[in-house]
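J.: In the numbering used here, the protein residues as written are 494 to 683. For glycine and all other residues, C-beta sits at the position ideal for the given N, C-alpha and C. Small disclaimer: the values here were computed from a predicted structure and weren't measured. Have a look at the structure that comes next, please.
Below is the structure:
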């Protein structure tokens, strides 16, 4: 019985056709496998008598020849598919190269803008430094232009006021000390 059971390709070899035609015949006629061994399905050759008759009919032979593919046809088809995939790959690579070039240009532009800003900041810092020097010189000139007697008087008044404030502080301190003594004295007297 196991000799009568064949795979799809075994049936195709026995009938002189290709396995795809056997698969289509199975699907069309809803033929179930007699036995399954793993993924392999086994059929009885007698289930395919109708297919054998189909294949022996003269119009079926012409039709089979027109639909059959040779190995050369498969190779040409695969070569064409590989060629198309290669072209698609080259287009993707070219697109990525354009994107990279664009990003490099953007980075270069940003770097130039950054360098310009740095230069502008350096100029600004120099201007601030020179303006500070000019302001200090103007203040010095303003003081020199004033009457030297007024400067000395202002300087003398400042010293006099500081001396007076220190003597006033001493007087206030002595008063607080005497009031403290009075308070202690009062406490003792009681």
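1) Since residue 510 contacts residue 548 with CB under 8 Å, what's their CB separation in whole angstroms?
2) Taking only runs of the alpha helix (DSSP H) that begin and end inside the stretch 544-632, which ones reach a length of at least 4 residues, in chain order?
3) Would you give the residue range spanned by the alpha helix (DSSP H) that residue 518 belongs to?
4) Where residue 624 and residue 606 are concerned, what is the direct C-alpha to C-alpha distance, given to the nearest angstrom?
5) Determine the extent of the beta strand (DSSP E) in which residue 529 is found, giving its start and end residues.
6) With DSSP collapsed to three states, give me the class of residue 639.
7) How many Å lie between residue 538 and residue 588 at the Cα?
8) Contact check, residue 526 vs residue 515 under 8 Å by CB: the rounded distance?
9) Would you say residue 518 and residue 544 are within 8 Å of each other, going by their C-beta atoms?
10) Could you tell me which residues DSSP puts in a beta bridge with residue 508?
11) Round the Cβ separation of residue 501 and residue 512 to the nearest angstrom and send it over; I've been treating them as touching at under 8 Å.
12) Over what stretch of residues does the beta strand (DSSP E) that includes residue 535 continue unbroken?
13) What's the gap between the Cα of residue 494 and the Cα of residue 540?
14) Tell me, which residues are paired with residue 498 by DSSP?
15) Which residues in the same chain as residue 638 place their Cβ atom closer than 7 Å to its Cβ, once the five residues preceding and following it in sequence are excluded?
16) What number of angstroms, rounded off, separates the C-alpha of residue 583 from the C-alpha of residue 608?
T.: Considering the structure as presented:
1) 6 Å
2) 551-560
3) 512-522
4) 27 Å
5) 528-530
6) coil
7) 56 Å
8) That pair is no contact at about 12 Å.
9) yes
10) Per DSSP, none; premise fails for residue 508.
11) 5 Å
12) 533-537
13) With a pLDDT of 41 at residue 494, under the threshold of 50, the modelled position of that residue is not reliable, and the figure given next carries that caveat. Roughly 14 Å between the two C-alpha positions.
14) 537
15) none
16) 37 Å
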